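Going down the list, the protein sequences come from chains A and B. Going by this note's numbering, the letters in the first sequence line up with residues 6 to 232, in that order. Going by this note's numbering, the letters in the second sequence line up with residues 6 to 232, in that order. Okay, so here's the structure we're looking at.
There are 2 protein chains.
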Amino acid sequence: MKVFRKKNKKLSDFLSEDVLEVLYAAGREQSYDDGEMIQQRGDKWRGISIVQTGEAIAANVGRDGSIVPSALIKPGDTFGEFTTFLDLPRSHTIFANGRTKIRHIKRDRFLALIEAEPAISQAMLTLTLERNYELVSNLDSNRRLSLPARVARLLIAEFDKTEKAGTIVCRQEDLAFMIGVSRVAVGKALDKLAAQSLIETGYGKIHVPDTVALKKYLRRQDPLSST
Amino acid sequence: MKVFRKKNKKLSDFLSEDVLEVLYAAGREQSYDDGEMIQQRGDKWRGISIVQTGEAIAANVGRDGSIVPSALIKPGDTFGEFTTFLDLPRSHTIFANGRTKIRHIKRDRFLALIEAEPAISQAMLTLTLERNYELVSNLDSNRRLSLPARVARLLIAEFDKTEKAGTIVCRQEDLAFMIGVSRVAVGKALDKLAAQSLIETGYGKIHVPDTVALKKYLRRQDPLSST
DNA sequence: GAAAGAATGCTAAAAAGTTACATTTGGTGC
DNA sequence: GCACCAAATGTAACTTTTTAGCATTCTTTC
């Protein structure tokens with residue numbers, strides 16, 4: 006399964022080298038083999054973890070026992086905030102995707118650290134607000150927009166602002182998962198977009214001949230959209 | 006329209022009297038009459054606002070121009086975080102609901118303040134993470150659960166943990182709005198719950214004779230649910 | 001206690017989404 | 001290059017939800 010790249014900012018974008026070093030020094034680095042479990046949903050271990058090299062996949066177990074990946078965690082990304090600040094157990098099971106090194110910082114140690122270095126909690130606050138905003142605007146779009154528009158929104162997000170055209174390599178099933186509907190529904194939505202020549206579908210890929218036109222289409226559907 | 010109460014924590018739950026005083030002193034108090042507009046979607050004014058007395062309603066403008074309330078902001082609640090930390094324009098239009106006093110703190114002033122008082126950004130971080138967690142678990146439920154189960158979940162959230170039974174005063178339309186479906190669909194879902202004697206519907210109210218039974222029903226539908 | 005307004009109930013048709021199964025596509029080994 | 005297999009997409013029947021209209025029931029108020 007393809008997990009779409011998150012283009013989000015990271016802690017390291019907000020912290021100076023000095024602070025980062027202090028932060029890293031507070032943790033214990035651990036290596037994981039490809040596929041190895043890093044944490045399990047429900048685990049009580051509390052603290053912040055930072056991916057150093059490699060990547061990890063956060064997943065949930067579906068009702069039928071199948072494993073449903075939900076996010077790709079890349080170098081510089083953190084997880085464990087809920088356990089550290091909200092006293093909640095781990096909400097996802099996380100696996101290493103390829104050989105991966107992760108730095109774990111114990112809760113108490115981390116809390117002491119942000120006491121000493123206020124920049125850390127401010128950086129985390131900014132990141133969390135960003136994520137929050139993203140969640141809210143997704144929720145909002147999903148309410149107001151038709152499925153073709155939501156698909157268009159997702160496709161647009163995969164392009165950099167300046168790209169005029171391009172091909173996205175992904176299966177319809179991946180899009181379906183991200184949006185939270187069935188593959189068939191996505192297929193129909195893609196048909197509708199294709200009927201307006203906004204996209205061209207292929208086997209395992211989708212070509213967008215004119216990103217500007219697609220954005221214009223989305224704006225027509227969603228006047229409030231600022232994206 | 007009834008807007009469901011948020012039972013969330015507030016900044017004041019995390020900050021000492023001293024810090025709170027400093028925070029309040031940094032702002033300028035402003036009074037609003039009932040219905041007066043406090044901010045408008047798109048406004049560029051940056052800073053944090055804290056409700057002191059009264060309450061405010063955050064709303065969005067629907068596609069048809071109708072005003073759709075989306076949250077009730079109560080004393081102690083804050084808004085404006087996105088504008089302060091993410092450089093985004095105001096995402097909602099906010100009206101005073103009854104005579105309301107609000108303390109506005111300018112962005113630069115606020116940033117200087119959290120530099121001096123790290124406890125503030127840490128408190129905000131905790132609050133934001135909490136909200137984040139709520140959003141994620143909602144998103145998740147909505148994906149996996151049938152409509153009756155989602156309705157049940159919403160009803161359960163209205164009770165305190167200890168309450169064994171009770172009546173919720175709300176229109177089906179309010180439930181529909183919160184879940185994001187039509188009133189008719191909610192009506193049918195309520196019928197299904199009523200058929201299992203989990204609830205009793207009334208005019209503008211819903212009675213839950215046994216919250217434990219309702220929770221049990223929800224858990225049956227959603228094994229992952231911890232709520 | 002009648003009238004007006006508010007909320008729910010009901011119906012039917014259309015739209016959107018799901019499930020299960022069929023077909024097409026692209027790679028692999030020979 | 002061809003036969004085959006797995007992966008990805010397409011199709012069709014079915015279910016859920018929406019929309020929209022009107023009917024009914026409940027509450028408040030005069």
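Here a beta-carbon is modelled for each residue, glycine too, at the ideal position from N, C-alpha and C. Computed from a predicted model, the values in this text were never measured in an experiment.
| query | result |
| --- | --- |
| With burial defined as no fewer than 16 other Cβ atoms inside 10 Å of the residue's Cβ, what is the status of residue 232 (chain B): buried or exposed? | Annotation note: pLDDT 49 at residue 232 (chain B) (below 50); position unreliable, no value reported. |
| Would residue 186 (chain A) and residue 210 (chain A) be called neighbours here (beta carbons separated by less than 8 angstroms)? | no |
| Are any of the Cβ atoms in chain B nearer than 8 angstroms to that of residue 29 (chain A)? | no |
| How big is the Cα-Cα spacing for residue 115 (chain B) and residue 126 (chain A)? | 15 angstroms |
| For a quick check, are the C-beta atoms of residue 40 (chain A) and residue 101 (chain A) less than 8 angstroms apart? | yes |
| In the segment 147-186 of chain A, which residue ranges form an unbroken alpha helix (DSSP H) of at least 4 residues, counting only runs that do not cross its ends? | 152-162, 177-184 |
| Who are residue 104 (chain B)'s beta bridge partners in DSSP? | None; residue 104 (chain B) has no bridge partner. |
| Check residue 84 (chain B) in the structure and name its three-state DSSP category. | strand |
| Straight-line CA distance for residue 220 (chain B) to residue 129 (chain B)? | 31 angstroms |
| For chain A, check one thing: does any of its Cβ atoms lie closer than 8 angstroms to the Cβ of residue 232 (chain B)? | Because the pLDDT of residue 232 (chain B) is 49, which lies under 50, any placement of that residue in the model is unreliable, and the number read from its coordinates should be weighed accordingly. Taking Cβ atoms only, chain A never reaches closer than 8 angstroms to residue 232 (chain B), which makes this a no. |
| Once you ignore the five residues that flank residue 208 (chain B) on each side, which residues in its own chain have a CB closer than 8 angstroms to its CB? | none |
| Return the residue from the list A:157, A:182, A:178 that minimises the CA-CA distance to residue 201 (chain A). | A:157 |
| With 16 as the cutoff for other CB atoms within 10 Å, does residue 52 (chain A) come out buried or exposed? | buried |
| Is the separation between the beta-carbon of residue 1 (chain A) and that of residue 226 (chain A) shorter than 8 angstroms? | Residue 1 (chain A) is absent from the model: chain A starts at 6 and stops at 232. |
| Tell me whether residue 218 (chain A) sits in a helix, a strand or coil according to DSSP, three-state version. | helix |
| Establish whether the CB of residue 219 (chain A) and some CB of chain B are separated by less than 8 angstroms. | no |
| Short of 8 angstroms Cβ to Cβ, which residues in the segment 103-115 of chain A face chain B? | none |
| Which residues in the same chain as residue 176 (chain A) place their Cβ atom closer than 6 angstroms to its Cβ, once the five residues preceding and following it in sequence are excluded? | 209 |
| My assumption, with CB atoms under 8 angstroms, is that residue 199 (chain B) sits in contact with residue 188 (chain B). Please give the rounded CB distance. | Going by Cβ atoms, the distance from residue 199 (chain B) to residue 188 (chain B) rounds to 16 angstroms, so no, they are not a contact pair. |
| Mind pulling the chain B residues with CB within less than 7 angstroms of residue 127 (chain A)? | 119, 126 |
| Among B:36, B:119, B:87, B:140, whose alpha-carbon lies nearest the alpha-carbon of residue 24 (chain B)? | B:119 |
| My output table needs one value for residue 94 (chain A): the three-state DSSP class, helix, strand or coil. | coil |
| Using 8 angstroms as the limit for Cβ to Cβ distance, is residue 84 (chain A) near chain B? | no |
| Tell me whether the beta-carbon of residue 108 (chain B) lies closer than 8 angstroms to the beta-carbon of residue 59 (chain B). | no |
| Scan the segment 134-156 of chain A for residues whose Cβ lies nearer than 9 angstroms to a Cβ of chain B and list them as they occur along the chain. | 134, 135, 136, 137, 138, 140, 141, 142, 143, 144, 145, 147, 148, 149 |
| Distance, Cα to Cα, residue 168 (chain A) vs residue 217 (chain A)? | 9 angstroms |
| Please state the DSSP three-state secondary structure of residue 77 (chain B). | strand |
| Measure the C-alpha to C-alpha separation of residue 179 (chain B) and residue 99 (chain B) and round it to an integer number of angstroms. | 19 angstroms |
| Is there a Cβ from chain B that is less than 8 angstroms from the Cβ of residue 19 (chain A)? | no |
| With DSSP collapsed to three states, give me the class of residue 138 (chain A). | helix |
| Rounded to a whole number of angstroms, what is the C-alpha to C-alpha distance between residue 82 (chain B) and residue 196 (chain A)? | 45 angstroms |
| Under a CB-based cut-off of 8 angstroms, is residue 185 (chain A) close to chain B? | yes |
| Exposed or buried, what is residue 20 (chain A) when buried is set at 16 or more other beta-carbons lying within 10 Å of its beta-carbon? | buried |
| With distances taken Cα to Cα, identify the nearest neighbour of residue 203 (chain A) among A:64, A:184, A:214. | A:214 |
| Output the distance between the C-alpha atoms of residue 113 (chain A) and residue 28 (chain A), rounded to the nearest integer angstrom. | 13 angstroms |
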